[in-house]
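One structure is given here, and the rest of the page talks about it.
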Amino acid sequence: MSEFKGIKWMLLSFEFKGIWLHAGYGDPFTTLSRRFDPTTLMGEAWVWYAREMFERFYGKVEAVLVDADEWDRLIIYITPHVLIYTKRYVVIIGDYDGYERFIAVPRYYKKLVRGSR
Amino acid sequence: MIDVLPSFKEKGWIKLPVEFKGIWYSPTYGGFSVYLRDRFNPEFPPDRLHEELGHDAFLPPHYGAKPTWVSKEEFEKEFGKVEAILVWSEDWYSNNHYPPTDSLIIYTEKYIVTLVEYDGNESFYAVPRDWRLLLNE
Chain Y
0 MSEFKGIKWM LLSFEFKGIW LHAGYGDPFT TLSRRFDPTT LMGEAWVWYA REMFERFYGK
60 VEAVLVDADE WDRLIIYITP HVLIYTKRYV VIIGDYDGYE RFIAVPRYYK KLVRGSR
Chain S
0 MIDVLPSFKE KGWIKLPVEF KGIWYSPTYG GFSVYLRDRF NPEFPPDRLH EELGHDAFLP
60 PHYGAKPTWV SKEEFEKEFG KVEAILVWSE DWYSNNHYPP TDSLIIYTEK YIVTLVEYDG
120 NESFYAVPRD WRLLLNE
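Below you can see the structure in the form of structure tokens.
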């Protein structure tokens with residue numbers, strides 16, 4: 000029922016410089032490790048989101064967690080096991096009609112509801 | 000470009016206007032037609048909208064989707080006690096029969112649970128509010 004349970008998470012072992020996202024329709028086929036490497040040559044459907052741009056949208060990155068067992072495994076067509084925690088959001092990679100996109104889930108709910116404290 | 004899905008913008012959220020008894024989701028690919036308010040309605044006959052909307056009678060309802068009811072008890076057993084549920088007000092009150100899966104967020108004691116779709120299959124994403132908990136699990 001839950002996509003993220005039972006995963007062996009680890010902190011990204013190097014500085015987060017950005018992340019590749021498969022922005023075109025189709026089957027993303029890569030490893031988690033390549034997603035964080037700006038020097039990797041990816042196909043034209045891939046877009047590099049530099050840390051600076053990412054933080055402009057979602058706030059300062061606090062921690063990046065990845066699936067330790069899938070770090071170097073070639074993966075096709077599944078939800079990438081990546082969690083990016085910023086001060087206010089947990090950002091995951093979701094899919095909308097075949098295209099990958101960021102989904103930023105607010106970590107705190109009280110301020111989301113008008114009139115709440 | 001980077002986009003935050005509309006429902007995750009910080010406006011337009013309301014607390015679930017009804018008692019939380021459970022939720023419908025479809026773990027398999029298909030055209031699952033459901034109003035947001037009916038996702039929380041245990042009485043919702045999953046085939047009703049198929050008939051209401053006049054979909055092709057030769058195609059089975061939901062085209063392969065398997066609407067599955069998860070009761071509150073089952074949900075809490077998996078994710079912990081529910082603290083708050085927020086729904087996107089526009090989708091709650093509209094007759095959009097295919098609202099984005101992220102029109103709802105369920106906060107439990109430990110997790111933020113969202114309903115997402117990947118390649119047509121819906122599943123719950125439960126992420127701890129505190130990432131440090133993940134390293135200890």
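Protein sequences, first through last, are from chains Y and S.
For the first sequence, numbering that gives the first Met the number 0 assigns the number 0 to the initial residue and increments by one for each residue that follows.
For the second sequence, numbering that gives the first Met the number 0 assigns the number 0 to the initial residue and increments by one for each residue that follows.
All C-beta atoms, glycine included, are put in the ideal place defined by N, C-alpha and C.
No experiment lies behind these values; they were computed from the predicted model shown.
Each of S:ASN120, S:LYS65, S:THR107 and S:TYR124 was checked against the Cα of THR113 of chain S, and the nearest Cα belongs to S:TYR124. Interface annotation, VAL81 of chain Y: not in contact with chain S, CB-CB separation never under 8 Å. Straight through space, the alpha carbons of GLU42 of chain S and PRO66 of chain S are spaced by roughly 13 Å. Taking the Cα positions, HIS21 of chain Y is about 25 Å away from TRP130 of chain S. Assignment of ASN120 of chain S by DSSP, reduced to helix, strand and coil, places it in the strand class.
Taking a cut-off of 8 Å for Cβ pairs, the region 88–106 of chain S and the region 70–84 of chain Y do not touch, as fewer than three such pairs fall below it. Look at GLY93 of chain Y here: in three-state DSSP terms it is strand. Look at the region 83–112 of chain S and you find these whole runs of beta strand (DSSP E), each 3 residues long or longer: 103–107. Annotation: the continuous alpha helix (DSSP H) that includes GLU54 of chain Y extends over 50–57. Counting along the chain, the unbroken beta strand (DSSP E) around LEU20 of chain Y starts and ends at 17–21.
CA-CA distance, VAL104 of chain Y to ILE92 of chain Y, rounds to 11 Å. Between LEU73 of chain Y and THR30 of chain Y, the C-beta spacing is below 8 Å. Your pair LYS14 of chain S and ILE84 of chain S checks out as a contact, with CB atoms roughly 7 Å apart and the cut at 8 Å.
Taking 7 Å as the upper bound on Cβ-Cβ separation, chain Y lies near residues ASP101, ILE104, TYR106, ILE111, THR113, VAL115 and GLU116 of the region 97–116 of chain S. Contacts with chain S (Cβ-Cβ distance below 9 Å) from the region 102–114 of chain Y involve ILE102, ALA103, VAL104, PRO105, ARG106, TYR107, TYR108, LYS109, LYS110, LEU111, VAL112 and ARG113, listed in chain order.
Non-local beta-carbon contacts of PHE28 of chain Y in its own chain, meaning distances under 6 Å to residues more than five positions away in sequence, involve ILE75 in chain order. Under DSSP, the beta-bridge partners assigned to LYS14 of chain S are S:LEU85. TYR24 of chain S sits away from HIS96 of chain S, with the two beta carbons spaced by 8 Å or more.
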